[in-house]
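I have placed the structure first, in the form of C-alpha cells, so that the comments after it can refer back to it.
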Amino acid sequence: MRIINFSDARNSLKAVIDQAVDDADVTVIARRDAPDAVVMSFEYYSSLLETVHLLKSPANAAHLARSIAQLNAGQAERHNLIDVESDAHEESEVQSGRMGEL
Numbered sequence: 003m004r005i006i007n008f009s010d011a012r013n014s015l016k017a018v019i020d021q022a023v024d025d026a027d028v029t030v031i032a033r034r035d036a037p038d039a040v041v042m043s044f045e046y047y048s049s050l051l052e053t054v055h056l057l058k059s060p061a062n063a064a065h066l067a068r069s070i071a072q073l074n075a076g077q078a079e080r081h082n083l084i085d086v087e088s089d090a091h092e093e094s095e096v097q098s099g100r101m102g103e104l
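Quick note on numbering: the sequence shown equals residues 3 to 104 in my numbering.
Take a look at the structure:
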C-alpha cells in the first residue's frame, strides 16, 4: 500500500492511477482536513467485491475454510481440466452421426 498526500496526487494523478493499475495495489490519498480516499484498479476492486460476496454467507465461508484446511493438510487431489471445446465438438459429431468419420 502506498500513501500519498492530496496535493501530490492531484499534481500526478495519471501516474498515481497508472501505478495502482500496474502494481495491482492500492494508493491511499491522505487529506489534511477530510477523510482519506483510496485509488485502485477496477480489477483489484472487482476481486475485493468477489471476496466479500464469497465470504458474506457463513456457510460458504465455512466451506471455503474447510477446503483451504484440506489443501494445507495435503488432502487435495489433482484433476485434469476438461477441454470443453473438444467435448462439445465430439458431442456434436455423435449427435450428427459422424463420429465414425473422425
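Quick reminder that beta carbons are idealized off the backbone N, C-alpha and C, glycines included.
Grab me the residues of N7's own chain with a C-beta within less than 6 Å of its C-beta, minus the 5 sequence neighbours each way, in chain order.
A32
Our contact map puts V28 next to M3 with C-beta atoms below 8 Å; I'd like the distance itself, whole angstroms only.
5 Å
Output yes or no for whether 8 Å exceeds the beta carbon distance between V30 and D38.
yes
Helix or strand or just coil, what does DSSP make of A39?
strand
What is the residue span of the beta strand (DSSP E) that V30 lies within?
It spans T29 to A32 - the beta strand (DSSP E) in which V30 sits, taken as one unbroken run.
Is the CB-CB distance between A67 and Y46 below 8 Å?
no
Looking at the secondary structure, which residues open and close the alpha helix (DSSP H) in which R80 lies?
That residue, R80, is in no alpha helix (DSSP H); it is neither H nor E in DSSP.
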